[in-house]
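Shown next, in structure tokens, is the structure this report addresses.
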Amino acid sequence: MSQLLKAEITDCQETGPGVWVTELLAPSLAQAAVPGQFIHIRCGEDSDPLLRRPISIHAVYRRSGLVKIMFQVVGQGTTWLAGRRDGLLDVMGPLGRGFTTLTGEQTGTAAVPRLVVVGGGIGAAPLYFLLQELARAGNAQQVKVLLGARNAEHLLIHNAVKLLGFSVGVATDDGSAGYHGPVTDLLAEELQLKLDYVYACGPAPMLKTLCGMLQYAGVPGEVSVEERMACGVGACLSCVCRVKDAGGMETYRHACVDGPVFAAGEVVW
Ligand SMILES: Cc1cc2nc3c(=O)[nH]c(=O)nc-3n(C[C@H](O)[C@H](O)[C@H](O)COP(=O)(O)OP(=O)(O)OC[C@H]3O[C@@H](n4cnc5c(N)ncnc54)[C@H](O)[C@@H]3O)c2cc1C
Ligand code: FES
């Protein structure tokens, strides 16, 4: 259930070029959050900027009540946020529909499902929380993580994900680390083998390609889309997203409450 709360900032570090990780003490948020959900943050001392900024939940430590967010500095709100090393943060959340964490039964297989998790750029941020949950469920052996970035310096979460016990494949646009090319090329290799489910978050062109590949291969999955948001709770129309309903008819959904995670075959690109 979503709440309005003042979360105490306990740490803030720059972990990559313009990418920050802020740690918050927020026990009720840590208890309630599921991977893929986001928090809506007031990024200023007064009413400027007026609108809260949506940032995904990056990591959760339920026992200590800590929650982390990872964000790229792109404008006024994220610049303000990057400078906060202590104090209280005005936060609304957890919000939105998160990822479905599957069991073998749900995929129709008796065994632990074979999963691939694909992240592009800052889209890797929410996937770490998903991987924490998969690791807690003891599924690390059956999960392949594929991470793409423009270059080695901009690669995110790969070391932390290896520490969770996952096998990681890396792709960069300039070839400075791992495979030289798009991360979806690595997914194409994985699709040669039997796959039960794919989770992804990243830039829209990557997700569009990925959804096309999954449809062609007949593999289900979920993607987290990034729409501009204002209210964050379904009360305005700023985050509308075009999707197909169960009958294949095109319709619109609010990314803030019906998403940001959608079935891969649902989104109209
Ligand atoms: C559900 C959701 C989860 C998100 N999770 C994360 C996250 O974990 N880490 C992270 O770094 N970012 C995340 N974002 C994007 C983040 O919300 C924006 O980068 C942020 O709101 C920008 O605020 P600003 O005031 O710094 O920039 P602004 O001054 O508002 O904008 C600066 C530039 O960023 C562009 N921009 C702003 N918001 C978005 C957006 N939602 N989508 C695409 N372009 C945008 C603007 O068009 C402009 O060019 C998420 C967005 C959504 C909708
Ligand atoms: S952001 Fe207002 S309806 Fe989604």
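Residue 450 in our numbering sits at position 151 of the sequence shown, with consecutive numbering throughout. From the three backbone atoms N, C-alpha and C, an ideal C-beta is built for every residue, glycine too.
Contact check between the segment 359-371 and the segment 531-545: fewer than three CB pairs, one atom from each, fall below 8 Å, which does not count as touching.
Here Val567 carries a coil assignment [DSSP, helix/strand/coil]. Gln431 carries a helical assignment under DSSP once its states are collapsed to helix, strand and coil. Beta-bridge pairing by DSSP links Thr471 to Ala448, His479. Taking 7 Å as the cut-off, one finds at least one heavy atom of ligand 1 near enough to the beta carbon of His357. Taking a 10 Å sphere around the C-beta of Thr314, we find fewer than 16 other C-beta atoms and assign the residue as exposed. Of the candidates Gly392, Ser327, Ile456, Ile456 places its Cα closest to the Cα of Ile421. For Leu365, no alpha helix (DSSP H) segment is defined; the enclosing uninterrupted segment is the beta strand (DSSP E) at 365-371.
Apart from the 5 residues on each side of it in sequence, Leu304 sits with its Cβ closer than 6 Å to the Cβ of Val390 in its chain, given in chain order.
Between the beta-carbon of Pro425 and that of Pro353 there is about 11 Å, and that puts the pair past the 8 Å contact cut. In the structure shown, Glu313 falls within a strand segment according to DSSP collapsed to helix, strand and coil. In this model, Leu446 and Val467 are separated by some 7 Å (Cα to Cα).
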